[in-house]
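Using my numbering, the letters of the sequence shown map in sequence onto residues 761 to 1048. Heads up, the beta-carbon is just placed ideally off N, CA and C, and yes, glycines get one too. Contents: one structure, followed by commentary.
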Amino acid sequence: MVAASSLDRRGFANPAPGAGALPRLLAARRPLVMAVLNVTPDSFSDGGRFLDPQNAIAQAQRLAAEGADILDIGAESTRPYGNAAPVPIEEERSRLADVLPAVVALGLPVSIDTRKAALAAWALEAGAVIVNDVWGLQRDPDMARVVAEHAAPVVITHNRDQADPAIDVVADVTAFFERSLAIAGRAGIGRDRIVLDPGIGFGKTPQQSMTCIARLDAWRGFGLPLLVGASRKRFINSVAPSEPAERLAGSLAAHLVAVENGAAIVRAHDVAATVQALAVAAAIRCAQ
Ligand code: HH2
């Protein structure tokens, strides 16, 4: 019998955070919600809202209360369009210095969204338990070593410097994953600690982003959990012209299709709505 206090608001047992938290969460065999917390002035959909530490911590508490499984915290915008300014590591660390310990104290597994190995190492030592690298271990040559040394799970996300409408995006993502997995293998990162993400919006045309969600099953053969982060992204605007804050319905549609096609984790800004949509879809599937 599980104590009521260790049940989350959906009635699932809450695993204790730690490096084993992600495998334990995945074992629950329901789609997980990774909540986005951007401690940045310039993120594409919520830049500046959570740069103030008190606002960031309050938002983390809200996301946890709404049913997030993982809190993904980042302090450098990764947006591939709109000329996001690169952030020096000291600045990235100082944005997180007060926020990260308070977010870790909430008790949910925290992932650090960074492409810098030294920042990832600092965050893991401060209590983060997952590394979310939107360059899939291929940008910072030290990232794989840091992940291996901390025995941390890692999200390997496909990326490209520029979109190329002429490429076969499925083949490109597959080749990228193979390179990342080879790097991970050489560094000694266990396959049981790897999540693959086709990187919606990263170096892709809107059409290619949609293809990645439609063809998600192409990567099931790796035998690894798949993550999709479609929340508020630009491809939604290509179907239904809208500002980022107006893309909730499109984000939910994309994440429901992603889960239908095999995503184990969705990365979302709007956690309450995402949790509800996933729960209703699962209930309807059970009713069949
Ligand atoms: N997307 C963003 C950032 N990190 N990580 C993973 N694994 N997958 C994604 O699709 C992904 C990600 C971009 O979204 P956001 O964090 O809201 O914006 P910004 O990078 O501008 O802060």
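{"Check": "Beta-ladder partner(s) of residue 1025, from DSSP", "Outcome": "792 and 987"}
{"Check": "Alpha helix (DSSP H) segment containing residue 834, residue limits", "Outcome": "First-last for residue 834: 830–834, but that is the beta strand (DSSP E), not the alpha helix (DSSP H)."}
{"Check": "One or two residues paired with residue 712 in a DSSP bridge", "Outcome": "Nothing about residue 712 can be read from this structure; the chain reaches only from 761 to 1048."}
{"Check": "Where residue 954 sits in the DSSP three-state scheme", "Outcome": "strand"}
{"Check": "Contact check, residue 797 vs residue 810, beta carbons under 8 Å", "Outcome": "yes"}
{"Check": "Chain-order list of residues whose beta-carbon lies under 7 Å from that of residue 992 (same chain, five-residue window excluded)", "Outcome": "805, 1004, 1007, 1011 and 1029"}
{"Check": "Residue 1044 - DSSP class collapsed to helix/strand/coil", "Outcome": "helix"}
{"Check": "One or two residues paired with residue 917 in a DSSP bridge", "Outcome": "957"}
{"Check": "Residues bridged to residue 860 (per DSSP)", "Outcome": "Bridge partners of residue 860: none, in fact."}
{"Check": "Start-to-end residues for the alpha helix (DSSP H) that takes in residue 937", "Outcome": "929–947"}
{"Check": "Exercise answer, beta-carbon shell around ligand 1 heavy atoms below 6 Å", "Outcome": "796, 798, 800, 803, 804, 805, 834, 837, 838, 839, 873, 892, 894, 915, 917, 957, 959, 960, 987, 989 and 1027"}
{"Check": "Neighbourhood of residue 1023 by C-beta, 8 Å cutoff - its chain only, sequence neighbours within 5 removed", "Outcome": "791, 976, 986, 987, 988 and 1015"}
{"Check": "Beta-carbon spacing of residue 1027, residue 794 below 8 Å", "Outcome": "yes"}
{"Check": "Residue 856 vs residue 835 beta-carbon contact at 8 Å", "Outcome": "yes"}
{"Check": "Contact set for residue 907: own chain, Cβ-Cβ below 6 Å, skip 5 residues either direction", "Outcome": "891, 914 and 949"}
{"Check": "C-beta contact flag for residue 863 and residue 817 at 8 Å", "Outcome": "yes"}
{"Check": "Whole-Å CB distance - residue 889 paired with residue 912, under 8 Å assumed", "Outcome": "6 Å"}
{"Check": "Alpha-carbon spacing of residue 774 relative to residue 820, whole angstroms", "Outcome": "Any reading at residue 774 must be qualified, since the residue scores a pLDDT of 44, below 50, and its modelled position is unreliable; the value itself is stated next. When rounded, the distance between both Cα atoms is 17 Å."}
{"Check": "Cβ pair residue 782, residue 824 closer than 8 Å", "Outcome": "no"}
{"Check": "Range covered by the alpha helix (DSSP H) that runs through residue 813", "Outcome": "813–825"}
{"Check": "Contacting residues, own chain, Cβ-Cβ under 6 Å from residue 765 (five flanking each side not counted)", "Outcome": "Because residue 765 carries a pLDDT of 38, less than 50, the predicted location of this residue cannot be relied on, and the following value inherits that uncertainty. Nothing meets the Cβ criterion."}
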